[in-house]
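Asker: Counting with my numbering, you get residues 4 to 585 for the letters of the sequence shown.
Glycine residues also receive a C-beta, built at the ideal position from the N, C-alpha and C atoms.
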Amino acid sequence: MIEKSKVVIFTQAMSQRNHGDGRRNRLTLCSAFVFTALMLASCGRVTEPVSNGTPARLRLMTQDQYANTIWSVFGPDIRITAQFPPVRRTEGLLAVGAASVGVTPGSVEQFQQIASAVASQVVDETHRDYLIPCKPKSPTAADGACATIFLKTTGRLLHRRALSSGEVAQLANEAGEVSDKFHDFYYGLSLSLAAMLMDPDVLFVYDRYESDPEHPGHYRLTGYSLATRLSFLLWNAAPDDALLDAAERGDLYNKAARARIVDRMMQSPRFETGVRAFFDDMLGFDEFGTLVKDPTIYPAFTKDAASDAREQTLRTIVDQLVTKRRDYRDLFTTRETFLTPALAVAYGLRSPGPGWSTFEFPKNSPRAGLLTQLAFLTVHSQPGRSSATRRGRALREELLCQKIPDPPPGVDFSAVEDPKSPLKTARERLTFHRKLPACAGCHALMDPIGLTLENFDGGGQFRSTERGALIDASGDLDNRPFVGGVGLGKAIHDNPALTSCLVKRVYDYATGGPDPHDNKTLAYLDRQFAAQGYVFPALLKAIALSNAFSEVDVRPQSKASTLKLAAVAPSRNVATNVNERR
Numbered sequence: 004m005i006e007k008s009k010v011v012i013f014t015q016a017m018s019q020r021n022h023g024d025g026r027r028n029r030l031t032l033c034s035a036f037v038f039t040a041l042m043l044a045s046c047g048r049v050t051e052p053v054s055n056g057t058p059a060r061l062r063l064m065t066q067d068q069y070a071n072t073i074w075s076v077f078g079p080d081i082r083i084t085a086q087f088p089p090v091r092r093t094e095g096l097l098a099v100g101a102a103s104v105g106v107t108p109g110s111v112e113q114f115q116q117i118a119s120a121v122a123s124q125v126v127d128e129t130h131r132d133y134l135i136p137c138k139p140k141s142p143t144a145a146d147g148a149c150a151t152i153f154l155k156t157t158g159r160l161l162h163r164r165a166l167s168s169g170e171v172a173q174l175a176n177e178a179g180e181v182s183d184k185f186h187d188f189y190y191g192l193s194l195s196l197a198a199m200l201m202d203p204d205v206l207f208v209y210d211r212y213e214s215d216p217e218h219p220g221h222y223r224l225t226g227y228s229l230a231t232r233l234s235f236l237l238w239n240a241a242p243d244d245a246l247l248d249a250a251e252r253g254d255l256y257n258k259a260a261r262a263r264i265v266d267r268m269m270q271s272p273r274f275e276t277g278v279r280a281f282f283d284d285m286l287g288f289d290e291f292g293t294l295v296k297d298p299t300i301y302p303a304f305t306k307d308a309a310s311d312a313r314e315q316t317l318r319t320i321v322d323q324l325v326t327k328r329r330d331y332r333d334l335f336t337t338r339e340t341f342l343t344p345a346l347a348v349a350y351g352l353r354s355p356g357p358g359w360s361t362f363e364f365p366k367n368s369p370r371a372g373l374l375t376q377l378a379f380l381t382v383h384s385q386p387g388r389s390s391a392t393r394r395g396r397a398l399r400e401e402l403l404c405q406k407i408p409d410p411p412p413g414v415d416f417s418a419v420e421d422p423k424s425p426l427k428t429a430r431e432r433l434t435f436h437r438k439l440p441a442c443a444g445c446h447a448l449m450d451p452i453g454l455t456l457e458n459f460d461g462g463g464q465f466r467s468t469e470r471g472a473l474i475d476a477s478g479d480l481d482n483r484p485f486v487g488g489v490g491l492g493k494a495i496h497d498n499p500a501l502t503s504c505l506v507k508r509v510y511d512y513a514t515g516g517p518d519p520h521d522n523k524t525l526a527y528l529d530r531q532f533a534a535q536g537y538v539f540p541a542l543l544k545a546i547a548l549s550n551a552f553s554e555v556d557v558r559p560q561s562k563a564s565t566l567k568l569a570a571v572a573p574s575r576n577v578a579t580n581v582n583e584r585r
């Protein structure tokens with residue numbers, strides 16, 4: 004089992020920092036795991052191979068998962084201004100990078116501020132009557148019985164497991180000490196809740212495991228850890244009471260029962276949140292947070308258009324894959340989508356009216372599929388121009404799982420970037436640039452597909468010429484020739500790497516990271532995905548029901564290193580150093 008020193012991030016850490024302690028303690032959530040697992044044996048065409056499971060992992064909850072969890076427990080009107088530490092994209096996913104995140108004292112201070120703000124809102128006069136299931140005997144004194152009721156039920160949801168009687172008693176006692184000191188029951192309760200929100204068992208996701216009684220010598224995730232893995236995959240949030248109940252009963256270890264539970268979770272409105280979270284991560288839409296376009300060059304690409312572009316693609320994905328349960332590959336050829344007035348201006352279309360409206364590009368339109376929508380085109384462009392190279396690289400890396408090396412240092416990009424270059428089109432400039440030996444190989448993978456989107460400028464608007472020269476939008480993908488964005492969509496629709504890449508991305512997202520010995524499991528899931536018509540919810544279910552999803556590999560070459568985190572705060576006593584209220 005993953006071991007750790009109990010890390011409690013609380014106000015005392017800030018007291019040390021603010022009094023010139025000078026130490027730069029750093030919690031490094033480097034999972035330090037040797038990713039080796041899954042010695043598999045194939046038993047048939049669509050028969051699941053034998054699995055040793057995946058390595059146990061530890062990661063920091065993402066900012067969105069934290070927010071979704073808070074809202075699922077306390078309601079969507081709780082305001083959250085979360086600023087979690089930046090995460091480095093790993094194997095194409097921020098969710099995988101979360102297993103190696105540095106948490107600085109500055110981040111700790113942010114966690115404290117978020118926790119305090121949430122706790123204060125929960126107990127304020129607006130929320131306390133329906134979020135706290137009891138009333139204290141006196142609002143100016145401690146009430147251990149009422150505090151215990153609230154902390155026990157809330158703690159179970161936040162910790163994603165039942166709290167022990169000792170844990171609940173400690174929290175209730177600490178709340179009582181503060182309540183008596185300041186003559187305010189709700190203030191004491193808020194400090195205990197804030198401490199809970201900063202507990203590492205809440206902020207960090209641990210893959211805890213146990214011996215598998217059905218398979219001697221094998222290990223499986225504990226019921227609570229399996230419930231957590233399911234919930235973060237399907238809902239991007241912590242488990243609800245029903246899922247925790249199932250974990251406590253042992254239902255998650257029964258394939259038929261787990262299948263019914265997965266079906267129930269997919270029927271929940273929260274399932275859409277989970278699907279959106281995965282594709283937002285896979286498509287790199289976090290870059291919208293820093294996306295900048297030159298307003299003098301692209302006046303139609305306003306702040307509203309940028310926000311709506313991201314939402315347009317996510318709505319299209321949910322509509323096609325979840326609502327209509329269509330073939331995943333059709334995302335790249337469909338002309339069905341949604342529009343707002345701001346998007347209509349950016350696309351050069353008549354406004355469909357206020358709010359969101361369904362829309363279908365006509366058959367003679369140069370737009371079809373996600374690759375011709377504003378989101379993909381603008382995120383993978385420069386502030387003042389398009390970028391065939393960035394678009395080609397994104398397609399290879401995000402959608403086909405083909406890693407393109409970074410350019411070597413000292414490369415001369417003047418032929419591509421010089422606005423006064425005599426070479427008028429991107430094709431001419433990149434052809435000249437590829438004459439550099441150090442650039443030819445990688446650009447040969449990116450440019451032939453990126454150039455087929457050159458009919459769309461850096462703001463995503465259609466054009467037929469660049470600087471007066473006619474644009475040549477022909478190209479090829481792995482020796483399949485085509486023309487333009489519509490042709491590119493058809494080519495990638497038929498490329499077998501498209502679906503196998505999605506399988507790998509979802510599997511890594513579900514289990515916390517890649518494993519160099521997961522090929523047989525991935526091959527099995529590929530076959531399952533094809534047999535089910537490339538329906539995305541069916542892929543999620545196949546992964547959730549797989550042996551690899553629930554089992555843990557603890558062999559010496561695969562077992563996670565014992566993880567010990569240096570404590571930021573030496574005490575969890577909420578009454579310590581409380582020198583002032585609020």
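Checking 9 Å against the spacing of the C-beta atoms, do L380 and I495 come in under that value?
Answerer: In the sequence shown, the residue the question calls residue 380 occupies position 377. In the sequence shown, the residue the question calls residue 495 occupies position 492. In this structure, I495 does not lie closer than 9 Å to L380 by Cβ.
Asker: Which of helix, strand or coil does DSSP assign to D479?
Answerer: Looking up residue 479 in the sequence shown gives position 476. D479 falls in the strand class under three-state DSSP.
Asker: From which residue to which residue does the beta strand (DSSP E) around L61 run?
Answerer: Residue mapping note: residue 61 aligns to position 58 of the sequence shown, counting from 1. Element bounds for L61: L61 to L63.
Asker: Touching or not, the segment 107-124 and the segment 75-87, by the rule of three or more beta carbon pairs under 8 Å?
Answerer: Taking 8 Å as the limit for Cβ pairs, the verdict is that the segment 75-87 does touch the segment 107-124.
Asker: In terms of DSSP beta bridges, what is A148 paired with?
Answerer: Taking the sequence shown and counting its residues from 1, one reaches residue 148 at position 145. For A148, which the question treats as bridged, DSSP gives no partner whatsoever.
Asker: Which first and last residues belong to the alpha helix (DSSP H) in which L134 is found?
Answerer: As a first step, residue 134 is located in the sequence shown; it is residue number 131 there, counting from the start. That run of the alpha helix (DSSP H) goes R131 to L134.
Asker: Count the C-beta pairs between the segment 376-390 and the segment 295-312 that are closer than 8 Å, then say yes if the count reaches three, no if not.
Answerer: Touching, yes.
Asker: Within a Cβ cutoff of 7 Å, which residues of the same chain sit near L402, ignoring the five residues on either side of it in sequence?
Answerer: Numbered from 1 along the sequence shown, position 399 holds the residue referred to as residue 402. Within the same chain, L402 has close Cβ partners I495, L501 and C504.
Asker: Determine the closest residue to L96 out of G356, V509 and P451, with distance taken between C-alpha atoms.
Answerer: Position 93 of the sequence shown, counted from the start, is the residue given in the question as residue 96. Checking every option, the nearest Cα to that of L96 belongs to V509.
Asker: Compare the C-alpha of G105 against each of E94, R62 and K138 and name the closest.
Answerer: What you label residue 105 is simply residue 102 of the sequence shown in a count that begins at 1. That would be R62, whose Cα lies nearest to the Cα of G105.
Asker: Whole angstroms are fine: how far does the CA of K138 sit from the CA of H80?
Answerer: For the purposes of this step, residue 80 is identified with residue 77 of the sequence shown, where counting begins at 1. For the purposes of this step, residue 138 is identified with residue 135 of the sequence shown, where counting begins at 1. Sequence inspection shows Asp at residue 80; the His mentioned does not correspond to that position. One C-alpha to the other measures close to 22 Å.
Asker: Can you name the start and end residues of the alpha helix (DSSP H) that E217 belongs to?
Answerer: The sequence position of residue 217 within the sequence shown is 214, counting from 1. It is not in any alpha helix (DSSP H) - E217 carries neither H nor E in the DSSP assignment.
Asker: May I have the straight-line CA-CA distance separating M269 from V53, to the nearest angstrom?
Answerer: Numbered from its first residue, the sequence shown carries residue 269 at position 266. Numbered from its first residue, the sequence shown carries residue 53 at position 50. Those two C-alpha atoms are separated by around 27 Å.
Asker: On the DSSP bridge assignment, give the partners of F485 in chain order.
Answerer: As a position in the sequence shown, residue 485 is number 482, starting the count at 1. Bridge partners of F485: G478.
Asker: Bridge partners for D518 per DSSP, in chain order?
Answerer: Position 515 of the sequence shown holds residue 518. Answer by DSSP bridge pairing: none, since D518 is not bridged.
Asker: Taking the beta carbon of A280 as the centre, do at least 16 other beta carbons fall within 10 Å, making it buried, or is it exposed?
Answerer: In the sequence shown, the residue the question calls residue 280 occupies position 277. Buried.
Asker: Would you say the segment 177-194 touches the segment 133-153, given that touching needs at least three Cβ pairs under 8 Å?
Answerer: As far as the Cβ criterion goes, the segment 177-194 touches the segment 133-153, which means the pair count is three or higher.
Asker: Are the segment 389-396 and the segment 445-456 in contact at 8 Å, needing three or more beta carbon pairs?
Answerer: With a cut-off of 8 Å, the segment 445-456 and the segment 389-396 count as touching, because enough Cβ pairs lie within range.
Asker: Buried or exposed: D249, going by 16 or more other Cβ atoms within 10 Å of its Cβ?
Answerer: Taking the sequence shown and counting its residues from 1, one reaches residue 249 at position 246. Looking at the sequence provided, one finds Ala at residue 249 rather than Asp. That one is buried.
Asker: For the beta strand (DSSP E) that A267 lies in, which residues bound it at each end?
Answerer: Stepping through the sequence shown from its first residue, residue 267 is reached at position 264. Checking the displayed sequence, the identity of residue 267 turns out to be Arg instead of Ala. Run containing R267: none in the beta strand (DSSP E); it sits in the alpha helix (DSSP H), K258 to M269.
Asker: Can you pull the DSSP bridge partners for F87?
Answerer: On the sequence shown, position 84 is the one that residue 87 refers to. None; F87 has no bridge partner.
Asker: Roughly how many angstroms separate the alpha carbons of R318 and F362, rounded to a whole number?
Answerer: The residue given as residue 318 occupies position 315 in the sequence shown. The residue given as residue 362 occupies position 359 in the sequence shown. Approximately 12 Å, taken between the alpha carbons.
Asker: I'd like the span of the beta strand (DSSP E) that includes V557, first residue to last.
Answerer: Translated into positions along the sequence shown, residue 557 becomes position 554. Segment: none, V557 is in no beta strand (DSSP E) and carries neither H nor E.
Asker: Since I believe S193 is in contact with E177 (beta carbons under 8 Å), could you give me their beta-carbon distance rounded to a whole number of angstroms?
Answerer: Counting from one through the sequence shown, the residue named residue 177 turns up at place 174. Counting from one through the sequence shown, the residue named residue 193 turns up at place 190. Wrong, their Cβ atoms sit about 12 Å apart, outside the cutoff.
Asker: Grab the span of the alpha helix (DSSP H) containing T276 for me, first residue to last.
Answerer: Residue numbering aside, residue 276 sits at position 273 when the sequence shown is read from its first letter. R273 to M285 is the span of the alpha helix (DSSP H), which, as asked, contains T276.
Asker: Straight-line CA distance for V588 to L377?
Answerer: Residue numbering for the chain in the displayed model covers 4 to 585; residue 588 lies beyond these limits and cannot be assessed.
Asker: State buried or exposed for L247, treating a residue as buried only when at least 16 other CB atoms are found within 10 Å of its CB.
Answerer: By 1-based counting over the sequence shown, the position of residue 247 is 244. Buried, since its Cβ has 16 or more Cβ neighbours within 10 Å.
Asker: Taking DSSP as the reference, what is the three-state secondary structure of F379?
Answerer: Residue 379 sits at position 376 when you count from the first residue of the sequence shown. Looking at F379 - three-state DSSP - the assignment turns out to be helix.
Asker: Measuring only the C-alpha atoms, how far is P519 from S310?
Answerer: Here residue 519 is taken as the residue at index 516 of the sequence shown, counted from 1. Here residue 310 is taken as the residue at index 307 of the sequence shown, counted from 1. For P519 and S310, the distance between alpha carbons rounds to 37 Å.
Asker: Just tell me which of V265, D204 and A545 has its CA closest to the CA of R163.
Answerer: Residue numbering aside, residue 163 sits at position 160 when the sequence shown is read from its first letter. Residue D204 is the option with its Cα nearest to R163.
Asker: So does the segment 344-358 actually touch the segment 318-330, counting three or more Cβ pairs closer than 8 Å?
Answerer: Judged by Cβ distances under 8 Å, the segment 344-358 makes no contact with the segment 318-330, as fewer than three pairs qualify.
Asker: Straight-line CA distance for Y133 to T231?
Answerer: Within the sequence shown, residue 133 is the residue found at index 130, counting from 1. Within the sequence shown, residue 231 is the residue found at index 228, counting from 1. In a straight line, the C-alpha of Y133 is about 26 Å away from that of T231.
Asker: With a threshold of 8 Å on Cβ separation, who are the neighbours of L528 within its own chain once the five nearest residues in sequence on each side are excluded?
Answerer: Locating residue 528 in the sequence shown gives position 525, counting from the first residue. Answer for L528: V506, Y510, L542, A545, I546 and S549, listed in chain order.
Asker: V265: which of D243, G109 and A102 sits nearest, CA to CA?
Answerer: Within the sequence shown, residue 265 is the residue found at index 262, counting from 1. Taking only the C-alpha atoms, the option nearest V265 is D243.
Asker: Quick one, are the C-beta atoms of Y256 and L237 less than 9 Å apart?
Answerer: Along the sequence shown, one-based indexing puts residue 256 at 253. Along the sequence shown, one-based indexing puts residue 237 at 234. Taking 9 Å as the Cβ cut-off, Y256 and L237 do not qualify as a contacting pair.
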